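The structure appears right after this line, and notes come after that.
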Amino acid sequence: MISSLNNSGYSAPNFLSVISSASHVDLIASNNPVYLNLLQSHNTLFEQHRQLRMQTVSSALQSSRNPSALTLSTPSLTPSAAPTELINDTTFPSIRLWTRDNFNKSQSNKKTTTMNGKAGARGSVRAAKDINVMHLYVEHEDGTVATGREVREMRKTQRSIFRQIKNSFPTELPSTWGAASIAVIKYHRDKMYSAHPCLRLCTSHWKVSLMATDAYSSWYTKNVKNTAAVNQSSDEDDSDDDAESSSAPPSSARSTSAAPSVKVPSKRNRTFVPSTLCKKGRTASPDPSPVPQEEVIPPSSTDSIIS
């Protein structure tokens, strides 16, 4: 078709319009050199892209199966050159708490009380009823706040990340989240974003950072500082950042059970017993039976006659 057009005497504009409307088969059949070069470049780039994707997926699978293969820190640790802000507030206009400043302003109205003026139920109680108490800043794309169960799953994911860092990279485990290295922060952030994408709906990653800051201190105390006293159930307990510590009742129970071992009456017995047995000059006693008395023998009639 195109070869016939080349010999038909069409003008240049008409010829270009015919070329632009020609199909792939027509261009291949006519051996158009420009199109053939573009097609070859396209196929080469496509194959390179496919190989890179396969390498990335293979590396991710290998890392998930063998966490020790990951490298959190290197002698020259530098942030990724890729842009960190892939979304913006104009893309998601329903998000209310896009910046940390928005969240800070909302905290002035956060206090919750009941009808009688008493404080509301604690987080663990309302979380069991699917009520989000501590993480109202977690929002979905449509602006709805995450439910209590959703936030609970986020905290579970976060604790598993903390444990993985502790077990696989103990030297990288910070004592406070503010002291965490860039590698640890990025590792935690990527894992949280992968499992819970709604945490990305903010600027400067402040939502995932705040969630880590709120939970890490309690988790570190239970699982690192008090490792000997913490069992598996306390590690899986969801009360790490919502409920009060339960260490007080066992302490009071121990003190109550230890009280009977102190024999208070023993002091009174020690002061009474020696007073009756060791003081020789005492003539009267509350119990006269232990004190021997001299036997008085009356004189017989014979003795009186002799005298």
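Going by UniProt numbering, the sequence shown opens with residue 1, and the numbers climb by one from there.
Ideal Cβ positions, reconstructed from N, Cα and C, are used throughout, including at glycine.
Predicted, not measured: the structure shown is a model, and the values here were computed from it.
Problem set entry | Bounding residues of the alpha helix (DSSP H) (the contiguous stretch that carries Trp219) | Counting from one through the sequence shown, the residue named residue 219 turns up at place 219. Following the DSSP letters along the chain, one finds Trp219 inside the alpha helix (DSSP H) bounded by residues 206–220.
Exercise. Between which two residues does the alpha helix (DSSP H) containing Phe162 stretch?
Worked result: As a working mapping, residue 162 is identified with position 162 in the sequence shown. DSSP places Phe162 inside the alpha helix (DSSP H), whose first and last residues are 148–168.
Exercise. Between Met154 and His196, which are expected to be in contact by the criterion C-beta below 8 Å, what is the C-beta distance as a whole number of angstroms?
Worked result: Residue 154 sits at position 154 when you count from the first residue of the sequence shown. Residue 196 sits at position 196 when you count from the first residue of the sequence shown. Indeed, because the Cβ distance is near 5 Å, the residues count as touching under 8 Å.
Exercise. Does DSSP classify Val224 as helix, strand or coil?
Worked result: Residue mapping note: residue 224 aligns to position 224 of the sequence shown, counting from 1. Three-state DSSP puts Val224 in a helix.
Problem set entry | Within-8 Å CB hit, Thr99 to chain B | In summary, chain B is missing from the structure at hand, where a single protein chain is found.
Exercise. Is Gln158 buried or exposed, if buried means 16 or more other CB atoms sit within 10 Å of its CB?
Worked result: For this step, residue 158 is matched to residue 158 along the sequence shown. So Gln158 counts as buried.
Exercise. Can you give the Cα-Cα distance for Asn37 and His24, rounded to whole angstroms?
Worked result: Counting from one through the sequence shown, the residue named residue 37 turns up at place 37. Counting from one through the sequence shown, the residue named residue 24 turns up at place 24. Roughly 13 Å separates the two Cα atoms.
For this session: On the DSSP bridge assignment, give the partners of Val145 in chain order.
Result: Along the sequence shown, one-based indexing puts residue 145 at 145. Beta bridge pairing from DSSP links Val145 with Glu139.
Exercise. Sorted by chain position, which residues of the same chain lie with C-beta nearer than 7 Å to residue 310's C-beta, five sequence neighbours on each side aside?
Worked result: Since the displayed the chain opens at 1 and closes at 307, residue 310 lies outside it and no answer follows.
For this session: Could you tell me if Ser17 is buried or exposed, where buried requires 16 or more neighbouring beta carbons within 10 angstroms of its beta carbon?
Result: Here the question's residue 17 lines up with position 17 in the sequence shown. Residue burial is scored here from C-beta neighbours: Ser17 has fewer than 16 other C-beta atoms within 10 angstroms and is therefore classed as exposed.
Exercise. Which word fits Leu45, buried or exposed, when buried means at least 16 other C-beta atoms lie within 10 angstroms of its C-beta?
Worked result: Here the question's residue 45 lines up with position 45 in the sequence shown. Leu45 comes out exposed.
Problem set entry | For Leu38, three-class secondary structure by DSSP | Against the sequence shown, residue 38 aligns to sequence position 38. In the structure shown, Leu38 sits in a helix (DSSP, three-state: H, G or I).
Exercise. How about the segment 132–142 and the segment 89–101: do they share at least three Cβ pairs that are nearer than 8 Å?
Worked result: A contact exists between the segment 132–142 and the segment 89–101.
For this session: Check whether the Cβ atoms of Glu141 and Ser94 sit closer than 8 Å, and answer yes or no.
Result: Taking the sequence shown and counting its residues from 1, one reaches residue 141 at position 141. Taking the sequence shown and counting its residues from 1, one reaches residue 94 at position 94. Closer than 8 Å, so yes.
Exercise. Asn32 to His49, Cα distance in whole Å?
Worked result: Here residue 32 is taken as the residue at index 32 of the sequence shown, counted from 1. Here residue 49 is taken as the residue at index 49 of the sequence shown, counted from 1. The straight-line gap from Cα to Cα measures roughly 26 Å.
For this session: Could you check what DSSP says for Trp177 in three-state terms: helix, strand or coil?
Result: Numbered from its first residue, the sequence shown carries residue 177 at position 177. Taken through DSSP and simplified to helix, strand or coil, Trp177 comes out as helix.
Problem set entry | Contact set for Lys207: own chain, Cβ-Cβ below 7 Å, skip 5 residues either direction | Sequence index remark: in the sequence shown, residue 207 carries index 207 (1-based). Counting only Cβ-Cβ distances below 7 Å, and skipping sequence neighbours, we find Tyr137, Val138, Leu199.
Exercise. Below 8 Å between beta carbons: does that hold for Trp219 and Phe162?
Worked result: Mapped onto the sequence shown, residue 219 falls at position 219. Mapped onto the sequence shown, residue 162 falls at position 162. Against a cut-off of 8 Å, the Cβ pair of Phe162 and Trp219 comes out as a contact.
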